[in-house]
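Colleague:
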Amino acid sequence: GGRDNSNEENQDNEFTTVPEDAPSIPMLAVSFLFFGSGMWLADVMADALVAEKAKLEPPERRGAIQSTCYSYRFFGVMCAVPVSTYLYTAGGPCTVIFLLALFPLCTIPAIYALGEIPHQPIKSTRDQCQEIWNTVCSR
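Residue numbers (our numbering): 1 to 139.
1. Can you list, in chain order, the residues of its chain with a C-beta nearer than 8 Å to that of Leu-87? Leave out the 5 residues immediately preceding and following it.
2. Report the start-end ranges of each alpha helix (DSSP H) in the stretch 56-111 that is 4 residues or longer and not cut off at the edges.
3. Apart from the five residues on each side of it in sequence, which residues of its chain come closer than 8 Å, Cβ to Cβ, to Leu-49?
4. Can you tell me whether Thr-125 is helix, strand or coil according to DSSP?
5. In whole angstroms, give me the CA-to-CA distance for Ala-54 and Ala-46.
6. Enumerate in chain order the residues of its own chain whose CB-to-CB distance from Pro-121 is below 6 Å, with the five nearest sequence positions on each side excluded.
7. When the distance is taken between beta carbons, is Pro-104 closer than 8 Å to Ala-42?
8. Assuming Ala-64 contacts Glu-57 under a Cβ cut-off of 8 Å, what Cβ separation, rounded to an integer in Å, is found between them?
9. DSSP three-state call for Gln-130: helix, strand or coil?
10. Which of helix, strand or coil does DSSP assign to Ile-117?
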């Protein structure tokens, strides 16, 4: 009994064709670097805003803002995983990357809702470092 190798030969001869308009690997790597850096920076800024707002909480509610923010973040990630999986399957990576670039822009109008004391006196560098040190030591 001979073995039919025609199926194996067909599999070996198949090639993946890359579209001509596909980005190069270095371009993809740089895009991921900027995306990752942007996410990291946004996370740091969000944590800083939450920490500043937490200072204004009354002592009996201390930590409520932070726990609420982390709950919302967890809920958002749990919703984003299946949605992004579906979008990736249906529309490809371009759709997901486009939405990842678009959604942060939707938060820009919320900036005006953040309260800020205008023309607040700026503390000296020594006072700022002392405040940071006191915060670190209080944990």
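Beta carbons: idealized from backbone N, C-alpha and C, even for Gly.
Keep in mind it's a predicted model, so treat the numbers as computed, not measured.
Modeller: Put simply:
1. If we look at Leu-87 and ignore the five residues flanking it on each side, its Cβ neighbours are Thr-95, Val-96 and Leu-99.
2. The stretch 56-111 contains these whole alpha helix (DSSP H) runs: 64-91 and 93-102.
3. Contacts found: Leu-114.
4. If DSSP states are grouped into helix, strand and coil, Thr-125 belongs with the helices.
5. Cα to Cα, Ala-54 sits roughly 12 Å from Ala-46.
6. So the list is empty, once near-sequence residues are dropped.
7. Judged by beta-carbon spacing, Pro-104 lies within the 8 Å limit of Ala-42, meaning their Cβ atoms are closer than that value.
8. Contact between Ala-64 and Glu-57 holds: their C-beta atoms lie close to 6 Å from each other, under 8 Å.
9. DSSP places Gln-130 in helix when its eight states are reduced to three.
10. Residue state, collapsed to three classes: coil.
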